[in-house]
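> After the C-alpha cells below, expect a handful of questions from me.
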Amino acid sequence: EAGVAQSPRYKIIEKRQSVAFWCNPISGHATLYWYQQILGQGPKLLIQFQNNGVVDDSQLPKDRFSAERLKGVDSTLKIQPAKLEDSAVYLCASSLSTRPQFFGPGTRLTVL
Amino acid sequence: AQSVTQLGSHVSVSEGALVLLRCNYSSSVPPYLFWYVQYPNQGLQLLLKYTTGATLVKGINGFEAEFKKSETSFHLTKPSAHMSDAAEYFCAVSARAGTALIFGKGTTLSVSS
C-alpha cells in the first residue's frame, strides 16, 4: 500500500514570496490533516479536512495561509506572503475515519 | 482541552539498556494516547496507541507503554535499546478517534555502543 506522498520535499524562498505544497493521501482515506512542525517542537495542526470539507481550521493563519482539498483526494497548502517564522516542516497526514493517522515525509520550508 | 508534556528533551542510553521516555497528559475527557517515532528527514511513524481496554499497550519494535489514569501518564519503555532506536519520539493525545492530534515537544533518544 502506497503511503502519503508530499512534494516538494524541500523549498527555499525569500520572505514575501508565495509557496505551495502538495499532498496525496493514502487511497480511500477520507480525513486529511496538515500540520506545521517548527524546529524543536511537536507538530501543530493547521487544518483538518473530511472529504473536501473543512472540519477544523481554527489554528490556520488565514491572512496568509490557505488550503483546499480537490475532489476529496489531493490537497494543497499555500502561503502568501511567506514570513521568516513560517520556516518549518509541513506534514500531511491521512486516516480512515477513526483509525490512526499516517504521515507523509513532510516538506521542509526555509524562508530567507 | 488537551495537552501533553514530555519530560526530558534528550535521553541518552547505552545499547542494551532500558529505555524510558516520559509523557504526561491533560485531558477533560477520556483520552486517546499515541507514541510516534520520527527518524531524520522522515515523517512520523506510529509506534503504539491506547484508546480503551487494556492499559498496557504493546507496539512495534519491542516498545510498550502503560496508561495510568491516576498519574495521567503514558510512559514509553523498551527493555533493551538498539542503535537503530536512535530517533525523536513524540507523545500525542486526542479527544476522540478521528480528531487532530496534540503533540508534545518530543524527546530525542540517543543510543551509544
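Going line by line, the protein sequences match chains A and B.
Residues 3 to 114 (this note's numbering) are what the first sequence spells out, left to right.
Residues 5 to 117 (this note's numbering) are what the second sequence spells out, left to right.
Where a beta carbon is used, it is the ideal one built from N, C-alpha and C, also for glycine.
Just so it is clear, the structure is predicted and the values come from calculations on it, not from any experiment.
Evaluate the contact criterion for the region 10-29 of chain A versus the region 60-74 of chain B: three or more CB pairs, one atom per stretch, below 8 Å.
no
> Indicate whether alanine 69 of chain B and threonine 56 of chain B have their beta-carbon atoms separated by less than 8 Å.
no
> Please tell me whether alanine 104 of chain B has its Cβ less than 8 Å away from any Cβ of chain A.
For alanine 104 of chain B, the answer is yes, since a Cβ of chain A falls inside 8 Å of its Cβ.
> Given a limit of 7 Å on CB to CB distance, which residues of the region 68-92 of chain A reach chain B?
none
> Does glutamine 6 of chain B pass the burial test, meaning 16 or more other C-beta atoms within 10 Å, or should it be called exposed?
By the neighbour-count rule (16 or more Cβ atoms within 10 Å), glutamine 6 of chain B is buried.
> Contact criterion: CB-CB distance below 8 Å. Does glutamine 50 of chain A meet it with respect to chain B?
yes
> Taking aspartate 58 of chain A as the query, report the chain B residues whose CB atoms sit under 9 Å from its CB, ordered along the chain.
Per Cβ cutoff of 9 Å: Thr103 and Ala104.
> Which residue comes first and which comes last in the beta strand (DSSP E) that contains isoleucine 15 of chain A?
12-15
> So aspartate 76 of chain A and cysteine 25 of chain A are supposed to be a Cβ contact under 8 Å. How far apart are they, rounded?
7 Å
> Classify glycine 55 of chain A as helix, strand or coil using the three-state DSSP reduction.
strand
> Can you name the start and end residues of the beta strand (DSSP E) that valine 75 of chain A belongs to?
Looking at the DSSP string, valine 75 of chain A is not in any beta strand (DSSP E), and its letter there is neither H nor E.
> For valine 28 of chain B, which residues in the same chain have their Cβ closer than 6 Å to its Cβ, ignoring the five residues on either side in sequence?
Valine is not the amino acid found at residue 28 of chain B; the sequence shown has asparagine there. Answer for asparagine 28 of chain B: Thr9, Thr76 and Ser77, listed in chain order.
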